[in-house]
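Inspection log for the structure reproduced underneath, given as structure tokens.
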Amino acid sequence: MRPDDELNPGGCAAALCTGTALLALSLLLSDGWALWLSVPGALLILWTMARLIG
């Protein structure tokens, strides 16, 4: 975990929850217009995991 994340550990958890919620919402709606929600959701999850690892 990066030093700035230690000051705000809830930020990473919130980002993971938000990304997961966007992915789940896009799968539940499964309409053509809702699929765009999966892109920012996946990017948010990947960005947060990169911050936790690196």
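The numbering of the sequence shown is the numbering used here, which starts it at 0 and goes up by one. For each residue, glycine too, the CB sits at the ideal point set by N, CA and C. This one's a predicted model, so the numbers in the text were calculated from it and none came from an experiment.
Query                                                                                          : Result
Proximal residues to L15 (C-beta, below 7 Å), its chain only, five neighbours per side dropped : I44, T47
L34 to G40 span [Cα, whole Å]                                                                  : 10 Å
N-terminal and C-terminal residue of the alpha helix (DSSP H) that W35 is part of              : No alpha helix (DSSP H) contains W35, which DSSP labels as neither H nor E.
Sub-8 Å separation of L27 and S37 beta-carbons                                                 : no
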